[in-house]
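Note that full-length UniProt numbering numbers the sequence shown so that position 64 is 64, with each residue one more than the last. Here is the structure we will look at.
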Amino acid sequence: MIDERLQDCRYALKGRKVLITGAGGGIGYEAAKAFLCMDAAVIIADISREKGSQAVQSLGALYPNSRMEFYEIDLADELQIRRMHSYLIQKYGFIDVVMHNAAVIYIGNVEEISSADWDKSYRVNFRAPLLLTQLFLPQMRSRNAGTIVFVPSSGAAPYMGAYEVFKTAQVELCNTLSGELEGTDVFTYSIGPGLVKTDTAMHGIEMVAQKMGLTTEEFYAMNDSHMLSAREAGCGFAVSVLHAEKYNGQEIGSIQALMDCGLLSVTDSGNSDKAGKAQTDPAMIRKIIQIYKEQYNGWMERNIFERQWVLRDFKKTVGISAGQFQSDMLQQEKELTAESENGFTVYRDHFEKLKRYYQRQYKLLQGYEKNPDKRKEHSDAILSWIRMLDEIL
1 MIDERLQDCR
11 YALKGRKVLI
21 TGAGGGIGYE
31 AAKAFLCMDA
41 AVIIADISRE
51 KGSQAVQSLG
61 ALYPNSRMEF
71 YEIDLADELQ
81 IRRMHSYLIQ
91 KYGFIDVVMH
101 NAAVIYIGNV
111 EEISSADWDK
121 SYRVNFRAPL
131 LLTQLFLPQM
141 RSRNAGTIVF
151 VPSSGAAPYM
161 GAYEVFKTAQ
171 VELCNTLSGE
181 LEGTDVFTYS
191 IGPGLVKTDT
201 AMHGIEMVAQ
211 KMGLTTEEFY
221 AMNDSHMLSA
231 REAGCGFAVS
241 VLHAEKYNGQ
251 EIGSIQALMD
261 CGLLSVTDSG
271 NSDKAGKAQT
281 DPAMIRKIIQ
291 IYKEQYNGWM
301 ERNIFERQWV
311 LRDFKKTVGI
321 SAGQFQSDML
331 QQEKELTAES
341 ENGFTVYRDH
351 FEKLKRYYQR
361 QYKLLQGYEK
371 NPDKRKEHSD
381 AILSWIRMLD
391 EIL
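Here you go:
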């Protein structure tokens with residue numbers, strides 16, 4: 001289904017030159033495949049000669065007239081990174097898109113992981129994206145064109161500290177960079193794949209689940225709403241570049257990118273039977289959606305510092321980015337208009353999380369608004385939103 005729909009984006013990136021790290025397999029490979037479908041020239045950078053060579057061979061068979069190559073590199077080695085940059089600039093002139101997909105994962109308690117492994121994780125999961133950005137950014141600035149895509153993780157997950165700490169730091173680097181690039185046509189954003197059953201991820205999840213006292217099946221069941229195939233996640237990575245300006249400075253997910261490009265519907269994402277078929281008031285739902293849309297638009301008009309704080313706080317509280325939540329609410333509106341059987345049940349969980357977000361905002365407001373009149377005005381507004389959500393929940 002994804003491959004059929006992706007044909008609508010055929011040639012959308014014609015002539016664009018894309019560097020994607022860690023693309024010998026898994027999500028990176030699938031992203032490279034989607035980039036080639038959109039007619040981009042693709043450089044697959046990977047530490048594994050075997051995987052990289054196989055990737056080029058299999059992708060070349062699918063797209064025999066494409067421009068593609070494999071570059072073997074250990075991203076923990078700064079000298080190799082600098083050599084790759086020099087080689088690519090000499091051969092291609094410039095790179096349009098840099099996608100920081102590569103990662104190394106260490107699982108265990110904070111005190112169990114050796115300092116050498118912490119250092120290796122830092123070099124691959126943070127320093128390499130930083131160095132590549134430093135090297136390719138000046139030319140992007142001079143051309144006033146380019147896209148830098150970071151691939152972070154969800155946050156401070158237990159037993160994954162040596163991975164999560166540095167991957168999460170990519171979000172802060174991206175936020176800093178987007179502020180410095182404001183007013184240019186060089187765009188940067190972060191995209192997470194969701195939970196994907198790649199070989200690397202499954203090995204890590206097996207260890208994490210064991211430490212949490214869960215089976216791998218129980219762990220996946222707990223996170224079912226975030227599950228994607230490697231193909232879906234990789235396609236999401238690739239097509240997100242088509243909306244780089246829209247996503248600039250944000251942290252999004254593959255699901256959002258797929259839905260924005262029409263490659264994934266509500267029923268495709270597997271969420272249509274998450275809740276019961278409870279009946280509720282469509283007019284009230286539309287009103288709540290409209291309130292959120294107005295809030296989201298207001299957030300996006302704030303200065304860069306306020307905007308980033310609000311968007312980070314929303315994602316931390318709700319679990320998905322404000323932009324993805326906005327896309328989901330727009331889809332909910334379409335469901336209501338079409339009087340779909342899925343209707344409200346598809347996004348019931350979203351509204352429950354929105355209620356928790358408003359409850360958090362109400363609590364925070366009591367502590368930072370000094371003016372009693374403004375505090376009461378804003379408190380009354382938030383409480384009215386919570387009551388509206390109570391009505392539909």
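Ideal Cβ placement from N, Cα and C applies to all residues, glycine included. These numbers were taken from a predicted model, which means no experiment stands behind them.
Burial is judged here by how many other beta carbons sit within 10 angstroms of a residue's own beta carbon; GLY192 has at least 16 and is buried. Per the Cβ contact rule, the segment 228-242 is in contact with the segment 8-27 (3 or more Cβ pairs under 8 Å). Counted as a single uninterrupted DSSP element, the alpha helix (DSSP H) harbouring VAL56 occupies residues 49-62.
Here PHE126 carries a helix assignment [DSSP, helix/strand/coil]. With contacts defined by Cβ atoms closer than 8 Å, LEU389 and LYS355 form a contacting pair.
By alpha-carbon distance to SER254, the top candidate from ALA157, GLN210, VAL149 and LYS374 is VAL149.
Apart from sequence neighbours up to five positions away, the residues of its chain that approach GLN326 with a beta-carbon distance below 6 Å are TYR296, ordered along the chain. Assignment of LYS370 by DSSP, reduced to helix, strand and coil, places it in the coil class. If you ignore the 5 residues before and after MET84, its C-beta comes within less than 8 Å of the C-beta of ALA45, TYR71 and ILE73, all in its own chain and listed in chain order. Following the DSSP letters along the chain, one finds PHE94 in no alpha helix (DSSP H), marked with neither H nor E.
Of the residues GLU294, ALA238, GLU306 and LEU311, the one whose Cα lies closest to the Cα of TYR11 is ALA238.
Shown here for THR147: same chain residues with a beta carbon closer than 6 Å to its own, the five before and five after excluded, namely VAL97, PHE187, VAL241 and ALA244 in chain order.
For LEU19, no alpha helix (DSSP H) encloses it; the enclosing beta strand (DSSP E) starts and ends at 17-21. Per DSSP, the unbroken alpha helix (DSSP H) holding GLY179 starts and ends at 161-180. Cβ contact annotation for ARG16 (same chain, cutoff 6 Å, sequence separation greater than five): ALA40 and ASP96, in chain order.
Leaving aside the five residues that flank TYR122 on each side, the residues in its chain whose CB is nearer than 7 Å to its CB run, in chain order, PHE166.
At a Cβ-Cβ threshold of 8 Å, MET140 and VAL18 do not count as neighbours. ASP313 and ARG67 have their C-alpha atoms spaced approximately 41 Å apart. The C-alpha of PRO129 lies about 43 Å from the C-alpha of ARG375. Going by DSSP, VAL110 is part of no alpha helix (DSSP H) at all; its letter is neither H nor E.
Ranked by Cα distance from MET227, the options LEU131, LEU88, GLY194 and TYR247 are led by GLY194. In the three-state DSSP reduction, SER321 falls in the coil class, being neither helix nor strand. Scanning ASN144, TYR159 and GLN7 for the CA closest to the CA of LYS33 turns up GLN7.
Assigned with DSSP and collapsed to three states, GLY234 falls in helix. In the three-state reduction of the DSSP assignment, GLU72 falls in the strand class.
Under the DSSP definition of a beta bridge, ASP46 partners with GLU72. Nearest neighbour of THR133 by Cα position, chosen from GLU78, MET38 and ASN371, turns out to be GLU78.
Separation of ILE47 and TYR87 (C-alpha to C-alpha, rounded to the nearest whole angstrom) is 17 Å.
The criterion of a C-beta distance shorter than 8 Å is not satisfied by SER178 and ILE252.
For GLU245, the enclosing alpha helix (DSSP H) stretches over residues 244-247.
Counting along the chain, the unbroken alpha helix (DSSP H) around GLY26 starts and ends at 26-37. Around the beta-carbon of ASN303, fewer than 16 other beta-carbon atoms lie within 10 Å, marking it exposed.
Shown here for SER53: same chain residues with a beta carbon closer than 7 Å to its own, the five before and five after excluded, namely PHE70 in chain order. GLN359 and SER384 have their C-alpha atoms roughly 11 Å apart. Beyond the five residues adjoining it in sequence on each side, ARG49 comes within less than 7 Å, by CB distance, of GLU72 in the same chain, given in chain order.
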